[in-house]
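Chemist: Chains as they are written, first to last, in UniProt numbering: chain G, 1 to 449; chain P, 1 to 449; chain E, 1 to 449.
The beta carbon of each residue, even a glycine, is placed where N, CA and C say it ideally should be.
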Amino acid sequence: MHTPASKVSGYVVLMIVQIVFLVLFWLFVRYDKSALPARLDNEDAGSADEHVSKYPQFQDIQVMIFVGFGFLMTFLRKYGYSATGYTLFMAALVVQWSVLMKGFLHMEGGKISLSLESIIDADIAAAVPLISMGALLGRTTPIQLLCMSIVEVALFAANEYLALNILSICDCGGSITVHAFGAYFGLAVAMMLRPSSDQNEAGKHEGANYTSDIFAMIGTTFLWVYWPSFNSVLAAGTGGERAILNTFLSLAAATVTSFVVSALVSHENKLDMVHVQNSTLAGGVAVGTVCNLLLGAHGAVLIGIIAGTISVLGYRYLTPCLTNNLRLHDTCGVHNLHGMPALISAIASAIYASLVTVDSYQSELQDIFPAMVGNNGTTTKIMGGLGRNASSQAGYQLFGIALTLIIAIGGGILTGAALKYASFRNLQKDEQHQDEQYWEVPALESKEE
Amino acid sequence: MHTPASKVSGYVVLMIVQIVFLVLFWLFVRYDKSALPARLDNEDAGSADEHVSKYPQFQDIQVMIFVGFGFLMTFLRKYGYSATGYTLFMAALVVQWSVLMKGFLHMEGGKISLSLESIIDADIAAAVPLISMGALLGRTTPIQLLCMSIVEVALFAANEYLALNILSICDCGGSITVHAFGAYFGLAVAMMLRPSSDQNEAGKHEGANYTSDIFAMIGTTFLWVYWPSFNSVLAAGTGGERAILNTFLSLAAATVTSFVVSALVSHENKLDMVHVQNSTLAGGVAVGTVCNLLLGAHGAVLIGIIAGTISVLGYRYLTPCLTNNLRLHDTCGVHNLHGMPALISAIASAIYASLVTVDSYQSELQDIFPAMVGNNGTTTKIMGGLGRNASSQAGYQLFGIALTLIIAIGGGILTGAALKYASFRNLQKDEQHQDEQYWEVPALESKEE
Amino acid sequence: MHTPASKVSGYVVLMIVQIVFLVLFWLFVRYDKSALPARLDNEDAGSADEHVSKYPQFQDIQVMIFVGFGFLMTFLRKYGYSATGYTLFMAALVVQWSVLMKGFLHMEGGKISLSLESIIDADIAAAVPLISMGALLGRTTPIQLLCMSIVEVALFAANEYLALNILSICDCGGSITVHAFGAYFGLAVAMMLRPSSDQNEAGKHEGANYTSDIFAMIGTTFLWVYWPSFNSVLAAGTGGERAILNTFLSLAAATVTSFVVSALVSHENKLDMVHVQNSTLAGGVAVGTVCNLLLGAHGAVLIGIIAGTISVLGYRYLTPCLTNNLRLHDTCGVHNLHGMPALISAIASAIYASLVTVDSYQSELQDIFPAMVGNNGTTTKIMGGLGRNASSQAGYQLFGIALTLIIAIGGGILTGAALKYASFRNLQKDEQHQDEQYWEVPALESKEE
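#1: So, is the C-beta of Arg-139 of chain P closer than 8 angstroms to a C-beta in chain G?
#2: Mind listing which residues of the stretch 405-425 of chain G have their C-beta closer than 7 angstroms to chain E's C-betas, in chain order?
#3: Quick one: grab the DSSP three-state call for Ile-407 of chain G.
#4: Could you tell me whether the Cβ atoms of Phe-75 of chain P and Ala-190 of chain P are closer together than 8 angstroms?
#5: Give the residues of chain G in contact with Thr-357 of chain E, contact being defined as C-beta atoms less than 8 angstroms apart.
#6: By Cβ distance, which residues of its chain are closer than 8 angstroms to Leu-271 of chain G, with the 5 residues on each side in sequence left out?
#7: Give the DSSP bridge partners of Trp-97 of chain P, in chain order.
#8: If we ignore side chains and look at the alpha-carbon of each, how far apart do Tyr-11 of chain P and Trp-26 of chain P end up?
#9: So with Cβ pairs under 8 angstroms, would you call Met-217 of chain G a contact of chain E?
#10: Please state whether DSSP places Leu-271 of chain E in a helix, a strand or coil.
#11: Using only the alpha-carbon positions, how far apart do Leu-187 of chain P and Leu-302 of chain G sit?
#12: For Asp-430 of chain P and Ala-125 of chain P, I'd like the C-alpha separation in whole angstroms.
#13: So within the stretch 152-228 of chain P, which uninterrupted alpha helix (DSSP H) runs reach at least 4 residues, ignoring any that extend past its ends?
#14: Could you list which residues in chain P have their beta carbon closer than 7 angstroms to that of Leu-93 of chain E, in chain order?
#15: Go ahead and label Glu-108 of chain G buried or exposed: buried means 16 or more other beta carbons lie within 10 angstroms of its beta carbon, across all protein chains shown.
#16: Along chain P, which residues have their Cβ under 7 angstroms away from the Cβ of Asp-213 of chain G?
#17: Keeping to the same chain, check which residues put their C-beta closer than 7 angstroms to that of Val-153 of chain P; ignore five residues upstream and five downstream.
#18: Buried or exposed, going by whether 16 or more other CB atoms sit within 10 Å of the CB of Leu-24 of chain G?
#19: Between which two residues does the beta strand (DSSP E) harbouring Ile-112 of chain G extend?
#20: Can you give me the C-alpha to C-alpha distance between Gln-434 of chain E and Val-13 of chain P, rounded to a whole angstrom?
#21: Buried or exposed for Pro-341 of chain P, please, with buried defined as at least 16 other CB atoms from any protein chain shown within 10 angstroms of its CB.
#22: Look at the alpha carbon of Phe-181 of chain G and the alpha carbon of Arg-77 of chain G, and state the distance between them as a whole number of angstroms.
#23: Name the one or two DSSP bridge partners that Trp-26 of chain E has.
#24: Give, in chain order, every residue of the stretch 117-135 of chain E whose Cβ lies closer than 7 angstroms to some Cβ of chain P.
#25: Sorted by chain position, which residues of the same chain lie with C-beta nearer than 8 angstroms to Ser-47 of chain G's C-beta, five sequence neighbours on each side aside?
#26: In the DSSP output, which residue or residues are listed as bridge partners for Tyr-396 of chain P?
#27: Among P:Thr-280, P:Asn-231, P:Glu-440 and P:Tyr-317, which residue has its Cα nearest to the Cα of Ala-91 of chain E?
#28: DSSP three-state label for residue 454 of chain P, please.
#29: DSSP three-state label for Glu-431 of chain E, please.
#30: Counting only beta-carbon atoms, is Trp-224 of chain E nearer than 8 angstroms to chain G?
#31: So, does the CB of His-267 of chain P fall closer than 8 angstroms to a CB anywhere in chain E?
#32: Between which two residues does the alpha helix (DSSP H) holding Leu-318 of chain E run?
#33: By how many angstroms is the C-alpha of Tyr-161 of chain P removed from the C-alpha of His-106 of chain P?
#34: Are the beta-carbon atoms of Tyr-210 of chain G and Gly-80 of chain P separated by less than 8 angstroms?
#35: Pull out every residue of the stretch 145-164 of chain E whose Cβ sits closer than 8 angstroms to any Cβ of chain P, in chain order.
#36: Applying a beta-carbon distance threshold of less than 7 angstroms, which residues of chain G neighbour Met-107 of chain E?
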């Protein structure tokens, strides 16, 4: 059944990809001048310190990507090596690819400039295929996952460029460009890889055990505590502090709400670890796009309450429905954690954009909604309001999420088709949700312990 | 026996609390001006950066609260969902409540100002009921815990206001206002909820297993490494660096001492995980109140040695005695980790306060012991020493801890009585220390694995 | 067989060591002036802020030492208490010892100056015996480990002083002075403690189980994400940003390579958790010595690819060979994670040093290669190049690693001999790789769960 030859060729392709990266780094990438020694004849150095002031936030995001996502997906009882291992593998591949891809979109003089910002962007990009991986968890080979991530990150970079640089939408915490994109791309791939109708029941290993559920809480708690860093890292000016405050409050409100709604809708009113592990985080996604806006504490809390509620209801009612009717198996429920909350965030961004005034945002309008300021961006122009008006910006926000959905779903369908019909090996039913097919797993130890 | 109706009404009450919070945020809370865009006609912004310079320390404290406390309490073998889950639930509720409560005590113009400082204070406040939860672990319903935390945080805010603003005691790392308060409040509640004398033996699930003990070490190690951030976050001037150094050294000395004393007093001289998980941290508590003072490295190390010794001896001899004689079940031994070390810290603060001279603290006397400086606080006044003298400040330190104990124990007794006799459901003996009553728990998987 | 008396005397010795530390702190250690209040008559304080700007990186390194190393070593299925516990014990002892030892080498006026830098250095020093502990894991008593760490850290401090201050080699991330030293010292001790030839088969507890392997991934992922902090914390100027970027890229490339090579060389092309847990980190070690140099992105990626490859091949082929032929049991494979990658780093440093020009490093030459600048270090001298030339610096780099190997291996042999033949108790074959000998372990719980 299982042919090592297919594995070997897959891994060899990935090695070739790594070597191609090496060559591209050599040809195109140079240190940014912030990372180069100041010239002796020009002693005004010291800008380096300023440049790395976002380093602590970068490190927080590192933990979210490598520890947070990895452990969040360890909840399956026989898939912990894969959850933590493929996260590491995929993120390590994607961060390099992102430096190159995003670099190609912003080249200067034919060279890509490498700085702390490049690797912050790279970590954010790594979140995208990791979200998609959640929709597919246990149903693909590692080769499929890795190949998917390469295609997906290229499309993500293109869509992000369109949304932020061409459409000029606001998306400070990336709920549109990162969470919605990753979730719907992954769901589209999952749709293409869905089982035949006689194979639609849950796999025998598709469940948690007591220990694996607690491992998953490592992921949940680290994602929770560091989410304000994810949302605020790209914010400018005082928007950074607002992003921290709004994200914190939205997460707190979503958490309380998730617990309550989980208990109210569950069997015998017992709390469900799936909701606790995931829906508590929905507040971070739902506030993402608008986190640097003037929401007020109540705005952030309200968004959190809505997100927590919808996320738990999604897990409880929508996911089983999608599985049974569409054979869409969303293993981690990314639709409930990333998909729907991101849609909420996009809608919220249209509402708040429609309320923007120069008077409220003052000097920061230019940073947050650059298209609302005249082309040359002077103070006079801001006061004069020669740019896009508020309701027009609201329309662009909705256009941005629509475009993202189209590219994500379209790209996901094509990628899924390629993964299914190209020469990739597909997992059989009984090979799913367990590590043994691709990992050396210790023999059962129950006898001796 | 078990009536879902009681659960439903409890959770509904918590939802109402969340909605009341929403309304209060809407009515009273506004962004601090550090989080508001600078006016266009006043371009001297940039103060934002300075304002968020404590952000990395805030994030460290976030990890302590959500990961540290949560995992430290996973040591019970069948209570891991509750330990990590209720920590998340309680902290998410309390942080919102703290922003409001502490805000009401410092309103300006009828509004509460929201800034990074608010949420740093909120995370610190969340530690208080989490400490109390340790004394009660496994013996209450989640509804009881959450209701307790609301009352407790209100009392904590009042006591802290009295101690710091009225009595002007020093308590940089919060050992008096946070640790002593949380521990003795929790112990008083536990006293009220103590079992009848024929039910006093240990519950059948009240113990660790090999895996749960290692999960608990996640909590221990993160609390250990980030404790210097907890103690130093509110320190001003060079006191911040002293707080870091003193906390680090005290923790290190307490750790070495805990291991040695654990081995010396244990059965067959074997190390005991309870001591390793908890007493190693006692150095952080015991140095808390005095961490920004001029202890010298030897002072910090000496405090650590004393704390480690007393904490291990407390676990080994005092806790069993309290359980057997008073039926006081302190599940996590918070008396040994937080209670007694906090008393040591309070006594140390009286000793060090009695030695304070203007010559030693110079310009920082005002920050650390404001009452020792004349009312207008000018340099001349400091030199002249018109304020409280050193032995008087020492007396106030002791008065501060005494007041804290009275409020904590009194409040705890009343709260415990309410939890016992009001319409709350109480856990029966065989429902304790296990998740199953309030959580969906996977069926035994031993057959298939 | 087992005499508690030997344990008691060992622990008593450690307590005496702690008390000696207390006395030495009292006699010799004083706060650095950055941690002392500014004098009232000299109001130019505020330098404190600058002084603690490395605090976030310090905290990252704290996590690496206490969480990263501790959990990385939990992979043995019955040795998790020891892995996390002894890491905490050893690190707590060593950080104090390091403040003293490194302080004695840099005293001013007979006093040791205590500042944030002291404890950054202390955490780095703690890595050294923790690396050695990896080579010995499960084969020593805690008393042996702790005594070893005291000797080792003294030798480490001496060797580091020779290498950095006398030979003036560059070693920004410590691959020569920390990783090579720790690995080869540990291997030399392991060689001295090797079993007799009739006892050479693997111990019955020397293996992972499913849960312990996932615990180990906590260590791996935290070491991975914070490694850029370890490598960059001592870098000056723009070298800090380069150290971050180079370490990040090298780790990413090593990770992708480790996965691919692991699959290609393993049985049935399955991934091996040993490689995933360890070899993915080899990129951080291999780039360490040169991380602040002008490697370019391609240089960092190339070093990562080489390190990942060699590390996996080492685990697959070299380690079994050493075990079978030399009876050298390197439990964690520190030779593959720290030893060989550190040698790669040393060789790379010689190559890059030989290419250094004043034109490329400009004003930073003095920080990075001080010996290449004339004695008085003026700009004129740099331009004139009156110091050591590039190929001479390359030679010193090689001399530095050679000296380090000699001191590490020589010191390890002597220390190992002392541990074996002095009055220390040695573990018997069946006492190895399990906690029970030195820890209270819960009784088997399989019956009731």
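Modeler: Put simply:
#1: Position 139 of the second sequence, counted from the first residue, corresponds to residue 139 of chain P. Under the Cβ distance rule, Arg-139 of chain P does not count among the residues neighbouring chain G, no pair being separated by less than 8 angstroms.
#2: Those residues of the stretch 405-425 of chain G that come within reach of chain E (Cβ to Cβ, closer than 7 angstroms) do not exist; the list is empty.
#3: In the first sequence, the residue the question calls residue 407 of chain G occupies position 407. In this structure, Ile-407 of chain G counts as helix in the three-state DSSP scheme.
#4: Residue 75 of chain P sits at position 75 when you count from the first residue of the second sequence. Residue 190 of chain P sits at position 190 when you count from the first residue of the second sequence. In this structure, Phe-75 of chain P sits away from Ala-190 of chain P, with a CB-CB distance that is not shorter than 8 angstroms.
#5: In the third sequence, residue 357 of chain E corresponds to position 357, counting from 1. Taking a Cβ-Cβ threshold of 8 angstroms, none of the residues of chain G is close to Thr-357 of chain E; the smallest such distance is about 11 angstroms.
#6: Stepping through the first sequence from its first residue, residue 271 of chain G is reached at position 271. Excluding positions up to five away in sequence, the list reads Phe-259, Ser-262 and Ala-263.
#7: Taking the first residue of the second sequence as 1, we reach residue 97 of chain P at position 97. The secondary-structure analysis by DSSP pairs Trp-97 of chain P with nothing; it has no beta-bridge partner.
#8: Within the second sequence, residue 11 of chain P is the residue found at index 11, counting from 1. Within the second sequence, residue 26 of chain P is the residue found at index 26, counting from 1. If you take the alpha carbons of Tyr-11 of chain P and Trp-26 of chain P, they lie about 23 angstroms apart.
#9: Working through the first sequence from its first residue, we reach residue 217 of chain G at position 217. Using a Cβ-Cβ cut-off of 8 angstroms, Met-217 of chain G does not count as an interface residue toward chain E, since no Cβ of chain E sits closer than that to its own.
#10: Locating residue 271 of chain E in the third sequence gives position 271, counting from the first residue. It is a strand residue.
#11: Reading the second sequence from its first residue, position 187 is the one you call residue 187 of chain P. Reading the first sequence from its first residue, position 302 is the one you call residue 302 of chain G. Using only the alpha carbons, I get a separation of about 36 angstroms.
#12: Residue numbering aside, residue 430 of chain P sits at position 430 when the second sequence is read from its first letter. Residue numbering aside, residue 125 of chain P sits at position 125 when the second sequence is read from its first letter. So the two alpha carbons sit approximately 32 angstroms from each other.
#13: Given a length threshold of 4 residues, each whole run of the alpha helix (DSSP H) inside the stretch 152-228 of chain P is given here in chain order: 181-192.
#14: Here residue 93 of chain E refers to the residue found at position 93 of the third sequence. By Cβ distance, chain P contributes Val-256.
#15: Position 108 of the first sequence, counting from 1, holds the residue named residue 108 of chain G. Counting Cβ neighbours within 10 Å, Glu-108 of chain G comes out exposed, since fewer than 16 surround it.
#16: Here residue 213 of chain G refers to the residue found at position 213 of the first sequence. The answer, in chain order, is Tyr-81.
#17: The residue given as residue 153 of chain P occupies position 153 in the second sequence. Same-chain partners within the cutoff: Val-94, Trp-97, Ser-98, Met-101, Ala-125, Val-128 and Pro-129.
#18: Stepping through the first sequence from its first residue, residue 24 of chain G is reached at position 24. Buried.
#19: To locate residue 112 of chain G, count along the first sequence from 1; it is residue 112. First-last of the beta strand (DSSP E) with Ile-112 of chain G: 112-114.
#20: In the third sequence, residue 434 of chain E corresponds to position 434, counting from 1. In the second sequence, residue 13 of chain P corresponds to position 13, counting from 1. Rounded to the nearest angstrom, the gap between the Cα atoms of Gln-434 of chain E and Val-13 of chain P is 49 angstroms.
#21: Position 341 of the second sequence, counted from the start, is the residue given in the question as residue 341 of chain P. The residue in question, Pro-341 of chain P, is buried, as its Cβ has 16 or more Cβ neighbours within 10 Å.
#22: Here residue 181 of chain G refers to the residue found at position 181 of the first sequence. Here residue 77 of chain G refers to the residue found at position 77 of the first sequence. Rounded to whole angstroms, Phe-181 of chain G to Arg-77 of chain G spans 28 angstroms at the Cα level.
#23: Taking the third sequence and counting its residues from 1, one reaches residue 26 of chain E at position 26. Its beta-bridge partners do not exist; DSSP assigns none.
#24: Listed by position along the chain: Ile-119.
#25: By 1-based counting over the first sequence, the position of residue 47 of chain G is 47. Legend: pLDDT at Ser-47 of chain G = 49, less than 50; position of this residue unreliable, no value from coordinates given.
#26: Reading the second sequence from its first residue, position 396 is the one you call residue 396 of chain P. In DSSP, Tyr-396 of chain P forms no bridge with anything.
#27: The residue you call residue 91 of chain E lines up with position 91 of the third sequence. Each of P:Thr-280, P:Asn-231, P:Glu-440 and P:Tyr-317 was checked against the Cα of Ala-91 of chain E, and the nearest Cα belongs to P:Thr-280.
#28: There is no way to answer for residue 454 of chain P, as the model of chain P reaches only from 1 to 449.
#29: Taking the third sequence and counting its residues from 1, the one referred to as residue 431 of chain E is at position 431. Glu-431 of chain E falls in the helix class under three-state DSSP.
#30: One-based indexing of the third sequence puts residue 224 of chain E at position 224. Yes, Trp-224 of chain E counts as interfacial toward chain G.
#31: Taking the first residue of the second sequence as 1, we reach residue 267 of chain P at position 267. Interface residue (Cβ-Cβ distance to chain E less than 8 angstroms): His-267 of chain P is classified as such.
#32: Working through the third sequence from its first residue, we reach residue 318 of chain E at position 318. From DSSP, Leu-318 of chain E is part of no alpha helix (DSSP H); its letter is neither H nor E.
#33: As a first step, residue 106 of chain P must be located in the second sequence, where it is residue number 106. As a first step, residue 161 of chain P must be located in the second sequence, where it is residue number 161. Near 10 angstroms, if we compare the C-alpha coordinates of Tyr-161 of chain P and His-106 of chain P.
#34: Working through the first sequence from its first residue, we reach residue 210 of chain G at position 210. Working through the second sequence from its first residue, we reach residue 80 of chain P at position 80. Yes, Cβ-Cβ distance for Tyr-210 of chain G and Gly-80 of chain P is below 8 angstroms.
#35: Of all residues in the stretch 145-164 of chain E, none has a Cβ within less than 8 angstroms of some Cβ in chain P.
#36: On the third sequence, residue 107 of chain E is found 107 positions in, with the first residue counted as 1. Ordered by position in chain G, no residue passes the 7 angstroms Cβ test against Met-107 of chain E, which lies about 30 angstroms from the chain.
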